[in-house]
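Data first, discussion second: the structure below is written as structure tokens.
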Amino acid sequence: MAKSGDKSGGSGKKSLKRKAAIAELQRAAVAEHEATESGVQPPKTAAFPPGFSISEIKNKQRRHLMFTRWKQQQRKEKLAAKKRLKKEREALGDKAPPKPIPKTIDNQRVYDETIVDPNDEEVAYDESTDEFASYFNRQTSPKILITTSDRPHGRTVRLCEQLSTVIPNSHVYYRRGLALKKIIPQCISRDFTDLIVINEDRKTPNGLILSHLPDGPTAHFKMSSVRLRKEIKRRGKDPTEHIPEIILNNFTTRLGHSVGRMFASLFPHNPQFIGRQVATFHNQRDYIFFRFHRYIFKSEKKVGIQELGPRFTLKLRSLQKGTFDSKYGEYEWVHKPREMDTSRRKFHL
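Residue numbering for the sequence shown follows my numbering, starting at 4 and increasing by one per position.
What follows is the structure in structure tokens.
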């Protein structure tokens, strides 16, 4: 009986200590609040000793309070060091040392043997004889068919309609249960140069198939982060019918060149600069970000941009020779996550 009484007495002492610690924290918080309201600055907290470890504090509330104070102290020290370096650079002027280049995943990219040299004769010959040579030689002008998966929902239909206002000379048609193998011959007979298919899952666009006609290739992309025009904040007015400029960023490998040439062949030559509209395909870590902007000249030195929409992100899944053939098609490149995604610094585009 005495032992059980000792245990109950020990637990009672622990609860009293806990209540006393909570009361002390509350009194400290009230005193700090009253001091700030009265205009009196509270005393500065002492710097933490070098061997101090917050994890050694047993009380949870006290540990959390000390951790927040430590984070504030670290933030103040970082800001003070940044201001000091800025003043030193301003004092040195032109003699200031160059700013160090921060380490990022992009500039630590693993070397890829397929990175294209602009002066490579072999690459130039391949590009002059590939499926897009007639477009770049200005022998053909693009004519695009945009369609959807079977029985599309409203969000996918609106995305197709908005894409048709971005890509000139593009036409939207609904599938009505037709298979792609039947649609492609009809497109070729009507002189369409490209076919875009927007797939969806759970009423949300999740895939894009881009097939260059009549001889391919065909690329399959995963689509994510879709934003329609009404969902973009501070967007500009609806785009005009002017032919936009096109910007392709960071398509450096042989595979990236093929994908970039596919996107370029969707837009006619000779953009109309008076429209001030730009379509951008920006590749970063094998994610292709699509944006559609209008730039505005505010003065001789300042230029502003307005996003017109839509926007989305693409991730290449496969590149297939020829037109779409999921059963007997020959694939040039297929994304295999378990084999290809072993390093975060390895990119393929």
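Even for Gly, the Cβ is constructed at its ideal location relative to N, Cα and C. For clarity, every value in this text was computed on a predicted model and none was experimentally measured.
Quiz item: Assuming P145 and D197 make a contact with CB atoms under 8 Å, what is their CB distance in whole Å?
Solution: Within the sequence shown, the letter at position 142 stands for residue 145. Within the sequence shown, the letter at position 194 stands for residue 197. Indeed they touch by this definition, with Cβ atoms about 6 Å apart.
Quiz item: Can you round the beta-carbon distance between G325 and D218 to whole angstroms, since I take them to be within the 8 Å contact cut?
Solution: Within the sequence shown, residue 325 is the residue found at index 322, counting from 1. Within the sequence shown, residue 218 is the residue found at index 215, counting from 1. Indeed, because the Cβ distance is near 7 Å, the residues count as touching under 8 Å.
Practice problem: Check whether the Cβ atoms of G157 and L231 sit closer than 8 Å, and answer yes or no. | Solution: Walking along the sequence shown from the start, residue 157 turns up at place 154. Walking along the sequence shown from the start, residue 231 turns up at place 228. No, Cβ-Cβ distance for G157 and L231 is not below 8 Å.
Self-check item: DSSP-derived helix/strand/coil call for D129
Solution: Residue mapping note: residue 129 aligns to position 126 of the sequence shown, counting from 1. Correct three-state label for D129: helix.
Exercise. Please work out which residues of its chain come closer than 6 Å, Cβ to Cβ, to A49, disregarding the five sequence neighbours upstream and downstream, and give them in chain order.
Key: The sequence position of residue 49 within the sequence shown is 46, counting from 1. Because A49 sits at a pLDDT of 48, beneath the cut-off of 50, its placement in the model cannot be relied upon, and the point is left open.
Self-check item: Rounded separation between I108 and S227 - CA only
Solution: To locate residue 108, count along the sequence shown from 1; it is residue 105. To locate residue 227, count along the sequence shown from 1; it is residue 224. One C-alpha to the other measures close to 22 Å.
Practice problem: Please report the residue range of the alpha helix (DSSP H) in which P188 lies. | Solution: The residue given as residue 188 occupies position 185 in the sequence shown. 183 to 192 is the extent of the alpha helix (DSSP H) around P188.
Quiz item: Which runs of the beta strand (DSSP E) spanning at least 3 residues fall entirely within the segment 217 to 273, listed in chain order?
Solution: 221 to 230, 248 to 252
Quiz prompt | Three-state secondary structure assigned by DSSP to H2 | solution = In the structure displayed, the chain extends from 4 to 352; residue 2 sits before or after that span and is not available.
Quiz item: For G307, which beta-bridge partners are listed by DSSP?
Solution: On the sequence shown, residue 307 is found 304 positions in, with the first residue counted as 1. G307 pairs with I299.
Quiz item: With burial defined as no fewer than 16 other Cβ atoms inside 10 Å of the residue's Cβ, what is the status of V337: buried or exposed?
Solution: Taking the first residue of the sequence shown as position 1, residue 337 is located at position 334. That one is exposed.
Practice problem: Would you check if the distance between the CB atom of I299 and the CB atom of Q287 is smaller than 8 Å? | Solution: Indexing the sequence shown from 1 puts residue 299 at position 296. Indexing the sequence shown from 1 puts residue 287 at position 284. No.
Self-check item: CA nearest to the CA of G278, picked from K318, V169, M343
Solution: If you number the sequence shown from 1, residue 278 lands on position 275. Per the Cα distances, V169.
Quiz item: Going by other Cβ atoms of all chains shown within 10 Å of its Cβ, with 16 needed for buried, is I250 buried or exposed?
Solution: On the sequence shown, residue 250 is found 247 positions in, with the first residue counted as 1. That one is exposed.
Practice problem: Please work out which residues of its chain come closer than 7 Å, Cβ to Cβ, to V113, disregarding the five sequence neighbours upstream and downstream, and give them in chain order. | Solution: Reading the sequence shown from its first residue, position 110 is the one you call residue 113. Excluding positions up to five away in sequence, the list reads S346, R348, K349.
Quiz item: What residues match up with Y334 in a beta bridge as DSSP calls it?
Solution: Numbered from its first residue, the sequence shown carries residue 334 at position 331. Answer is Q323.
Self-check item: I108 (DSSP reduced to helix, strand or coil)
Solution: Translated into positions along the sequence shown, residue 108 becomes position 105. Of the three classes helix, strand and coil, the one that applies to I108 here is coil, per DSSP.
Quiz prompt | Rounded C-alpha distance that separates L319 from K225 | solution = As a first step, residue 319 must be located in the sequence shown, where it is residue number 316. As a first step, residue 225 must be located in the sequence shown, where it is residue number 222. Distance between the alpha carbons of L319 and K225 is about 6 Å.
Practice problem: Out of D204, R205, K206, H223, point me to the one whose CA is closest to L213's CA. | Solution: Counting from 1 along the sequence shown, the entry for residue 213 is found at position 210. Answer by Cα proximity: H223.
Self-check item: F276, DSSP secondary structure in three states
Solution: Here residue 276 refers to the residue found at position 273 of the sequence shown. Residue state, collapsed to three classes: helix.
Practice problem: Closer than 6 Å by C-beta to T117: which residues in its own chain qualify, once you throw out the five before and the five after it? Chain order, please. | Solution: For the purposes of this step, residue 117 is taken as the residue at position 114 of the sequence shown. Excluding residues within five positions, the ones whose Cβ falls inside 6 Å are T256, R257.
Practice problem: Keeping to the same chain, check which residues put their C-beta closer than 6 Å to that of S137; ignore five residues upstream and five downstream. | Solution: Your numbering for residue 137 matches position 134 in the sequence shown. Closer than 6 Å at Cβ, skipping near neighbours: T143.
Quiz prompt | Nonlocal neighbours in the same chain, by C-beta distance under 6 Å from V229, ignoring five residues either side | solution = What you label residue 229 is simply residue 226 of the sequence shown in a count that begins at 1. Excluding sequence neighbours, V229 sits near P208, F315.
Exercise. For Q76, count neighbouring C-beta atoms within 10 Å of its own C-beta (all shown protein chains included) and say buried if the count is 16 or more, exposed if not.
Key: Working through the sequence shown from its first residue, we reach residue 76 at position 73. The residue is exposed, with fewer than 16 neighbouring Cβ atoms inside 10 Å.
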